[in-house]
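Protein sequence lines correspond, in order, to chains R and X. Residue numbers for the first sequence follow my numbering, beginning at 12 and rising by one. Residue numbers for the second sequence follow my numbering, beginning at 12 and rising by one. Please read the structure below before turning to the comments.
2 protein chains.
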Amino acid sequence: MELVSIEEIRDAASRIKGAAVRTPLLKQSWASLWLKPESLQEIGAFKVRGAYNAIAALPEDQRARGVVAFSSGNHAQAVAYAAKRFGVPAVIIVPDVAPRAKVEATQALGAEVIEVPIGDQQSAALAVAEERKLAFIPPYDHRDVIAGQGTVGLEIAEDLPDADVVLVPVSGGGLASGVGTAIKALRPEAKVFGVEPELAADAAESLRAGKRIEWPVELRARTIADGLRAEPSDLTFAHLQSVLDGIITVTEDEIRAAVRTLAHRSRLITEPSGATATAAFLFHRDEFPEGKTVSVVSGGNLDPATLAEILVPSRLTR
Amino acid sequence: MELVSIEEIRDAASRIKGAAVRTPLLKQSWASLWLKPESLQEIGAFKVRGAYNAIAALPEDQRARGVVAFSSGNHAQAVAYAAKRFGVPAVIIVPDVAPRAKVEATQALGAEVIEVPIGDQQSAALAVAEERKLAFIPPYDHRDVIAGQGTVGLEIAEDLPDADVVLVPVSGGGLASGVGTAIKALRPEAKVFGVEPELAADAAESLRAGKRIEWPVELRARTIADGLRAEPSDLTFAHLQSVLDGIITVTEDEIRAAVRTLAHRSRLITEPSGATATAAFLFHRDEFPEGKTVSVVSGGNLDPATLAEILVPSRLTR
């Protein structure tokens, strides 16, 4: 299988310029830690990089007809946002259990939202793509999406060329594949570790086994890190096998504590998925080498009630 | 009185490169609003720009002897941080009522902290400067400090050259003086408005009167925006008269609501002072022209308990 190259990531960087925020790398005063705050993207997550790159790379006539995607999370808003910037139609398939706030945020970006019974999203998206001749933009199982997410790694290598360790969350694996590819090309001395919740540690088990091990969706759905419930595809798994030096798993309590630390010490609001790599930094220091460590803060979209429960846990017990 | 020039601000930009974060300008999806998040500086506030520029501009032999400042807030950490980067001694005079957390944060940056009775800080700082031959770095009443804060405006003009309105908090006036000077030089069509809490609206009253009107410190101390309790000097007031198109005053409730909006919609933790300009955007839209509006988010240092009380106000009443 041909893996994504650093040249494809460089091409992605040229395409997304101006559409995605060139996020700063934030040195922390309290540790040898630098944060890459993708929560600052206009849609609140790194997903805009891959979605925009994939849409930008389409042939112009195909792009003009529009795009379709399925997601109830950050990829929905990323595709809607990117399509809006190109002035082309976007259809987003969401499960009928999706929170109203997320549906409305996607509609506010101009996308047509179609609700389908949970479990039918992918087949519905492919059917809409066929019927309306729209380009299907998958959340991670696509070279252009991986290359787009890889621009996070490109920027890390530019801003901290002597980084020793990069920690990156793993779900479908698009972000970790892209970041790992960029770091290994530009700073081969650095170690790259994926981070997963214990409750959705399918990639960790798969890497140990040397082949993809599927976890039932009911198991993966247990974690509070709702952005980390997907599982790698053949394409992303091949990247993870090639570029990761290991996977660290973190507990739910560690994830919550990392959300608090990022708020109180780093002044960033992060969603649980976005705080997962920082949880590994805070609680698993014996599992990666010492040195200049980068944590990718992948996103910051969570509802105020969840944020309040994490930041002020005593509120519920008083 | 000779005002700070755009050339002095450009010189400051060269000096602070690498020491201060080149913060991104964050377009908000929910309004014609761009945020300049100075809360992302390593010390959590814009103050690092002015302090570093002032220390960098000292003659080398004078800088080598060290610096002294007085502050119980963000200027203390800014001077300590800048001195540490230059490897020179820093003495910070704080009132003996300063919160332990702030004293410890300043000490952690390598500064010597001297506690004095409240009210004696300035005289103590000047005495230490004289006795130990240290350079005194004032919080705002200094051309190099104003020029350093002005780099915020320079970056805004670079990133959004067609900005229509810039909203910036006013306390001692160093930030507003610098930002206003840069904006008026580079984008004269843009309107620049200072923002003050109603409870510390001395600069608004002074501008209306055409001369500095002092408010007793007990009055200014009432606002939750503890970074906005200082008052302009002759030097900064002359700048404010020259570069501001007006001052907007905001209530305490509006400031608290802006802290919440910045957390929930913009994913930024801000201190009340840092949210004040955004409060003007949210609640006083009839007081400035329509168009592309920039709000300077000046800082994000607040203790977790205050943050919890603002984000989860119901906690106290349950």
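Heads up, the beta-carbon is just placed ideally off N, CA and C, and yes, glycines get one too. Predicted, not measured: the structure shown is a model, and the values here were computed from it.
#### Entry: Bounding residues of the beta strand (DSSP E) (the contiguous stretch that carries residue 301 of chain X)
No beta strand (DSSP E) holds residue 301 of chain X; DSSP gives it neither H nor E.
### Query
In chain R, which residues lie less than 9 Å from residue 263 of chain X when you measure between Cβ atoms?
By Cβ distance, chain R contributes nothing, its closest Cβ being about 21 Å from residue 263 of chain X, past 9 Å.
### Message
Using only the alpha-carbon positions, how far apart do residue 326 of chain R and residue 266 of chain R sit?
### Response
In this predicted model, residue 326 of chain R has a pLDDT of only 49, less than 50, meaning its place in the structure is not dependable; the value taken from the coordinates is given anyway. Cα to Cα, residue 326 of chain R sits roughly 19 Å from residue 266 of chain R.
### Task
For the region 268 to 285 of chain X and the region 43 to 51 of chain X, state whether three or more C-beta atom pairs, one from each stretch, are separated by less than 8 Å.
yes
### Query
Going by C-alpha distance, which of X:251, X:174, X:258, X:234 is nearest residue 284 of chain X?
X:234
#### Entry: Residue burial classification, residue 314 of chain X (beta-carbon count within 10 angstroms, cutoff 16)
exposed
### Query
Just the Cα atoms here: how many angstroms apart are residue 30 of chain X and residue 91 of chain X?
13 Å
### Message
Considering only DSSP beta bridges, list what residue 306 of chain R is partnered with.
### Response
R:46, R:178
### Task
Reducing DSSP to helix, strand and coil, say where residue 102 of chain R ends up.
strand
### Query
When we look at the beta-carbon of residue 19 of chain X and count the other beta-carbons within 10 Å, is it buried (16 or more) or exposed?
buried
#### Entry: Residues that residue 149 of chain X contacts on chain R, provided the C-beta gap is smaller than 9 Å
Those within 9 Å of residue 149 of chain X in chain R number zero; the least Cβ separation is about 23 Å.
### Residue-chain proximity (residue 114 of chain X, chain R), Cβ-Cβ < 8 Å
no
#### Entry: Which listed residue (R:56, R:191, R:127) has its alpha carbon closest to that of residue 256 of chain R
R:191
#### Entry: Euclidean distance between Cα positions of residue 184 of chain X and residue 250 of chain X
8 Å
### Euclidean distance between Cα positions of residue 295 of chain X and residue 259 of chain X
8 Å
### Query
How should residue 118 of chain X be labelled, buried or exposed, when 16 other C-beta atoms within 10 angstroms of its C-beta is the threshold for buried?
exposed
### Message
Going by beta-carbon coordinates alone, are residue 58 of chain R and residue 175 of chain R separated by less than 8 Å?
### Response
no
### Query
Got a sec, what are the start and stop residues for the alpha helix (DSSP H) residue 195 of chain R sits in?
185 to 197
### Message
With H, G and I counted as helix, E and B as strand and the rest as coil, what does DSSP make of residue 165 of chain X?
### Response
helix
#### Entry: Endpoints, beta strand (DSSP E) assigned at residue 204 of chain X
202 to 208
### Task
Apply the 10 Å Cβ neighbour rule to residue 222 of chain X and answer buried if 16 or more other Cβ atoms are within range, or exposed otherwise.
exposed
### Task
Assign residue 4 of chain X to one of three DSSP states: helix, strand, or coil.
A question about residue 4 of chain X goes unanswered here, because the residues of chain X that appear run from 12 up to 329.
### Query
How would you label residue 75 of chain R, buried or exposed, when you count the other beta carbons within 10 angstroms and need 16 or more for buried?
exposed
### Task
Tell me whether residue 272 of chain X sits in a helix, a strand or coil according to DSSP, three-state version.
helix
### Message
For residue 61 of chain X, count the other beta carbons within 10 Å of its own beta carbon; 16 or more makes it buried, fewer makes it exposed. Which is it?
### Response
buried
### Query
Mind checking whether residue 280 of chain R and residue 280 of chain X have CB atoms under 8 Å apart?
yes
### Message
Within the continuous beta strand (DSSP E) that includes residue 81 of chain R, where are the two ends?
### Response
78 to 81
### Query
For residue 139 of chain R, which three-state DSSP category applies?
helix
### Query
So is the beta-carbon of residue 278 of chain R under 7 Å away from any non-hydrogen atom of the ligand ADP?
Ligands displayed in this structure: none; no statement on the ligand ADP is therefore possible.
### Task
Please report how far the alpha carbon of residue 101 of chain X lies from the alpha carbon of residue 42 of chain R, in whole angstroms.
22 Å
### Message
Using beta carbons (cut-off 8 Å, strictly below), is residue 166 of chain X in contact with chain R?
### Response
no
### Check whether residue 289 of chain X and residue 308 of chain X have beta carbons under 8 Å apart
yes
#### Entry: Same chain only: Cβ atoms within 7 Å of residue 51 of chain X, ignoring 5 sequence neighbours per side
32, 34
### Task
Report back the beta-carbon spacing between residue 201 of chain R and residue 163 of chain R to the nearest angstrom; my notes put them in contact at under 8 Å.
In fact, because the Cβ distance is near 14 Å, the residues do not count as touching under 8 Å.
### Task
Give the interface partners of residue 33 of chain X over in chain R, defined as CB-CB distance under 7 Å, in chain order.
35
### Task
Give me the Cα-Cα distance between residue 329 of chain X and residue 189 of chain X, rounded to the nearest whole angstrom.
In this prediction, residue 329 of chain X scores a pLDDT of 42, lower than 50, which makes its location untrustworthy; no coordinate-derived value is stated.
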